[in-house]
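>
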Ligand code: MF3
Ligand code: CO
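Numbering (my numbering), first residue to last: 4 to 280.
1) State whether the stretch 123-133 contacts the stretch 181-188, with contact taken as three or more CB pairs (one from each stretch) at a distance under 8 Å.
2) Do residue 208 and the ligand CO come close, with the Cβ less than 7 Å from some heavy atom?
3) So, helix, strand or coil for residue 217, using DSSP?
4) Short check: CB of residue 211 to CB of residue 158, under 8 Å?
5) Leaving aside the five residues before and after residue 221 along the sequence, list all residues of the same chain whose C-beta is less than 7 Å from its C-beta, in chain order.
6) Between the beta-carbon of residue 106 and the beta-carbon of residue 61, is there less than 8 Å?
7) Jot down the residue ranges of each uninterrupted alpha helix (DSSP H) in the stretch 29-88, minimum 4 residues, whole runs only, in chain order.
8) Express the C-alpha separation of residue 37 and residue 181 in angstroms, rounding to a whole number.
9) To which residues of the same chain is residue 122 closer than 7 Å at the C-beta, ignoring the five residues directly before and after it?
10) Take residue 72 and list the residues in its own chain whose beta-carbon comes closer than 7 Å to its own, dropping the five residues that flank it on each side.
11) Spell out the partners DSSP gives residue 101 in its beta bridges.
12) Pull up the distance between the alpha-carbon of residue 277 and that of residue 142, whole angstroms please.
13) Three Cβ pairs or more, each shorter than 8 Å: is that satisfied between the stretch 98-118 and the stretch 146-155?
14) Taking residue 77 and residue 98 to be in contact with their CB atoms under 8 Å, please state how far apart those CB atoms are, rounded to whole angstroms.
15) Do three or more CB pairs link the stretch 11-25 to the stretch 188-204 at distances below 8 Å?
16) Is it the case that the CB of residue 159 approaches a heavy atom of the ligand CO more closely than 7 Å?
17) What's the C-alpha gap between residue 225 and residue 82?
18) Hey, residue 75 and residue 52: beta-carbon distance below 8 Å or not?
19) By the 10 Å Cβ neighbour count, where 16 or more other Cβ atoms means buried, how is residue 19 classified, buried or exposed?
20) Assuming contact is defined by CB atoms lying nearer than 8 Å, are residue 104 and residue 44 in contact in what I supplied?
21) Only counting the same chain, and skipping five residues up and downstream in sequence, which positions put a Cβ closer than 6 Å to that of residue 238?
22) Can you give me the start and stop residues for the beta strand (DSSP E) that residue 154 sits inside?
23) Assign residue 17 to one of two classes, buried (16 or more other C-beta atoms within 10 Å of its C-beta) or exposed (fewer than that).
24) Residue 235 to residue 119, Cα distance in whole Å?
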């Protein structure tokens, strides 16, 4: 995807601006999580998201991106990513992934959640749980002195250890900053110890996509919606993370990642990078 392999390291003050964007995204996603219910349409969710983002003084980054027509992506069941909000009504038992991006002062935040609609089959809840846990293992691998592929390997190792899930390879995480998508690519699988060395100032979006069946995907006629070829249900979760002098800081998590990292035995970064005043 990118021939430019530079990491575009950010200064602490720039990371603080990305934190502002990340919080808008994180807060918007929490409002969306609370709004997901049987009978709600994906267009309802999009309207809520756009209103929240703009009320925060931010700009929805997806709207108009390569012609994309909405402020969020809503991917239901066999849809993996880039589902376009519209008249579809959510039904009890659906699993929806919602992806959201916002810009504050020119700096981007990008994150996604996977949410059950009402009562959902246990194997779908487990799919979502494995995807989320794999994301956090990947975020925890964002440490100074490590290598980029350590993040990919951490995601893969967790998923493989949990069962026979597909790991989507056609779409990957990415660098992020003054644009939503910047180098480097961040695949969700691979051998550890490869790629650029991780250093303070790195900002990436980590976004595992896993499936109940094969990892193969197709794009629908709308030229956006990515679906599993075999119709199996997919999950997709994402966070934007900055590597700071004091460790990884999850910019799109409301607590910066403190609670999840404590469970994993690492401490969250970002101290000293709070906006002044
Ligand atoms: N947020 C997606 C990603 O993580 C991109 C959304 S594509 C858009 O890479 F067109 F909807 F903006
Ligand atoms: Co992304």
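Glycine included, C-beta positions come from ideal geometry on N, C-alpha and C.
Working from what's here:
1) Touching, no.
2) As a working note, residue 208 is residue 205 in the chain shown. Result yes, Cβ under 7 Å from the ligand CO.
3) Within the chain shown, the letter at position 214 stands for residue 217. Coil, per DSSP.
4) Translated into positions along the chain shown, residue 211 becomes position 208. Translated into positions along the chain shown, residue 158 becomes position 155. Contact flag set, yes.
5) Counted from its first residue, the chain shown places residue 221 at position 218. The residues are 230 and 232.
6) Within the chain shown, the letter at position 103 stands for residue 106. Within the chain shown, the letter at position 58 stands for residue 61. For residue 106 and residue 61, yes; Cβs fall inside 8 Å.
7) 45-58
8) As a first step, residue 181 is located in the chain shown; it is residue number 178 there, counting from the start. As a first step, residue 37 is located in the chain shown; it is residue number 34 there, counting from the start. Rounded to the nearest angstrom, the two C-alpha atoms are 30 Å apart.
9) Here residue 122 refers to the residue found at position 119 of the chain shown. Closer than 7 Å at Cβ, skipping near neighbours: 95 and 96.
10) Counting from one through the chain shown, the residue named residue 72 turns up at place 69. For residue 72, where only same-chain residues beyond five positions count, the Cβ hits under 7 Å are 87.
11) Counting from one through the chain shown, the residue named residue 101 turns up at place 98. DSSP lists 77 and 116 as partners of residue 101.
12) Working through the chain shown from its first residue, we reach residue 277 at position 274. Working through the chain shown from its first residue, we reach residue 142 at position 139. Model confidence at residue 277 stands at a pLDDT of 49, short of 50, so the residue's coordinates are unreliable; what they give is reported in the following sentence. Approximately 20 Å, taken between the alpha carbons.
13) no
14) Here residue 77 is taken as the residue at index 74 of the chain shown, counted from 1. Here residue 98 is taken as the residue at index 95 of the chain shown, counted from 1. Between residue 98 and residue 77 the Cβ distance is about 11 Å, and since that is not below 8 Å, they are no contact.
15) The stretch 11-25 is in contact with the stretch 188-204.
16) Reading the chain shown from its first residue, position 156 is the one you call residue 159. No; taking the cut-off as 7 Å, the Cβ of residue 159 has no heavy atom of the ligand CO nearer than that.
17) Against the chain shown, residue 225 aligns to sequence position 222. Against the chain shown, residue 82 aligns to sequence position 79. The alpha-carbon atoms of residue 225 and residue 82 are separated by roughly 13 Å.
18) One-based indexing of the chain shown puts residue 75 at position 72. One-based indexing of the chain shown puts residue 52 at position 49. Taking 8 Å as the Cβ cut-off, residue 75 and residue 52 qualify as a contacting pair.
19) What you label residue 19 is simply residue 16 of the chain shown in a count that begins at 1. Buried.
20) Against the chain shown, residue 104 aligns to sequence position 101. Against the chain shown, residue 44 aligns to sequence position 41. No, the Cβ-Cβ distance between residue 104 and residue 44 is not below 8 Å.
21) For this step, residue 238 is matched to residue 235 along the chain shown. Here the set comprises 117, 130, 131, 134 and 213.
22) By 1-based counting over the chain shown, the position of residue 154 is 151. From DSSP, residue 154 is part of no beta strand (DSSP E) but of the alpha helix (DSSP H) over 151-165.
23) The residue you call residue 17 lines up with position 14 of the chain shown. Buried, by the Cβ-count rule.
24) Taking the chain shown and counting its residues from 1, the one referred to as residue 235 is at position 232. Taking the chain shown and counting its residues from 1, the one referred to as residue 119 is at position 116. Cα-Cα distance, rounded: 16 Å.
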